[in-house]
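Only one structure is covered here, and it is reproduced in the block below.
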Amino acid sequence: MRALETLRTCDLIAAEDTRRTRRLLSHYDIHTPMASYREENRDTAGSKIIARLERGRKVALVSDAGTPGISDPGQDLVRRCLEAGIEVQAIPGANAALTALVISGLPTARFSFEGFLPRKKGARRRALEQLSEDRRTIIFHESPQRVAETLQDIVEVLGERRVALARELTKKFEEVIRGTASEVREKLEDGTVRGEVVLVVEGASERAPGDISCEEALVEVKRLRAEGASLKDAVVLAAGQSPGLSRSRLYNAALKE
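If you're matching positions, the sequence shown starts at 8 in the working numbering and goes up one per residue.
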């Protein structure tokens, strides 16, 4: 109710997609003037919004989905407002990341929100490698066009972890697919999904007694290589001593030695 009242009484609504937002406003008989504010025009549009605010006007910022300022250009506008001494208030609404976490079935006590992974495969895999030891549940935003590739990278870099793929949360076609990363990947009929996507990924598990670390596995790879084993065979044998250790991560680490 507070959000509706704010949208009715403010002087301007800055929206990522004015056409989509206008349909929602019309449903509640709200006819406040609108302006476009998105990644492509955030500098020019942001300057105009700041100028309005400095003249005492009230501006509401909305996004296409989720919370404004999370993985969208709203964070830049908030920063500019604070630098200009302009008060900013947040009116909570749908939050895709936390909603996905709550219904994922994965631990919620400690988690890490990583936003969008890099688009390019190499950079994406390096980003995943940096998270390989993190025991917290990990939340990503992802493009529906890349989500199948990301799931495959998760399998190869992080290992076979439990994940929840949530799309279109709080909207008409909401769906959650749970399982291991490979299982969820196989459930995607054509390799892609539609709509806003959140991936919730199980954190690294504690090493079981007898498991070895990546550093210890590298020592074993070197020993096996010295005995004549190929790099691939050495990695398979060394990784086999620790089921939670990603072969891909060990192989990449061995290449750098």
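Just so you know, even glycine gets a beta-carbon here, dropped at the ideal spot from N, CA and C.
Treat the numbers as computed from the prediction; the structure is a model and nothing was measured.
Between the CA atoms of residue 243 and residue 193 - distance to the nearest angstrom: Each residue's Cα considered, the two are about 24 Å apart.
Evaluate the contact criterion for the region 95 to 112 versus the region 135 to 155: three or more CB pairs, one atom per stretch, below 8 Å. These segments touch.
Which of the three DSSP states, helix, strand or coil, is assigned to residue 130? Three-state DSSP puts residue 130 in a helix.
With a floor of 3 residues, list each beta strand (DSSP E) that falls wholly inside the region 17 to 62, ordered by position along the chain. For the region 17 to 62, whole beta strand (DSSP E) runs of length 3 or above, ordered along the chain, are 19 to 22 and 41 to 43.
Between the CA atoms of residue 123 and residue 217 - distance to the nearest angstrom: Note on residue 217: pLDDT 49, under 50, position unreliable in the model; the coordinate value appears next. If I take the Cα positions, the gap works out to 35 Å.
N-terminal and C-terminal residue of the alpha helix (DSSP H) that residue 228 is part of: 221 to 233 is the span of the alpha helix (DSSP H), which, as asked, contains residue 228.
Buried versus exposed, by CB contacts within 10 Å (16 or more), residue 176: Using a 10 angstroms sphere on the CB of residue 176, the tally of other CB atoms reaches 16 or more, which defines it as buried.
Would a C-beta distance cut-off of 8 Å place residue 66 and residue 18 closer than the cut-off? Yes, they are a contact pair.
Buried or exposed for residue 257, going by 16 or more other Cβ atoms inside 10 Å? Taking all protein chains shown into account, residue 257 has 16 or more neighbouring C-beta atoms within 10 Å of its C-beta and is therefore buried.
Should residue 203 be labelled buried (16 or more other beta-carbon atoms within 10 Å of its own) or exposed? Residue environment analysis places residue 203 among the buried positions, since at least 16 neighbouring C-beta atoms fall within 10 angstroms of its C-beta.
Cutting at 7 Å between CB atoms, please list the residues of its own chain near residue 215, excluding the five before and the five after it. Interpretation of residue 215 is limited by its pLDDT of 48, a score under 50 that renders its predicted location unreliable; no figure is taken from the coordinates.
Assigned secondary structure, residue 93 (DSSP; H/G/I helix, E/B strand, else coil): The three-state reading of DSSP puts residue 93 in coil, since its state is none of H, G, I, E or B.
Distance between beta carbons of residue 174 and residue 200, contact taken as under 8 Å: Confirmed, about 5 Å.
Are the beta-carbon atoms belonging to residue 164 and residue 206 less than 8 Å from one another? The answer is no: Cβ separation not under 8 Å.
In chain order, each alpha helix (DSSP H) run of at least 4 residues that lies wholly inside the region 114 to 187: The region 114 to 187 contains these whole alpha helix (DSSP H) runs: 128 to 137 and 154 to 165.
Three-state secondary structure (DSSP) of residue 241: If DSSP states are grouped into helix, strand and coil, residue 241 belongs with the helices.
The region 76 to 84 in contact with the region 27 to 34 per 3-pair CB rule at 8 Å: They do not touch, by the three-pair rule.
Applying the criterion that 16 or more other CB atoms from any shown protein chain within 10 Å of the CB defines a buried residue, is residue 125 buried or exposed? So residue 125 ends up on the exposed side.
Decide yes or no for the touch test of the region 49 to 68 against the region 10 to 25: beta carbon pairs closer than 8 Å, at least 3 of them. In short, these stretches touch, since the Cβ pair count reaches three.
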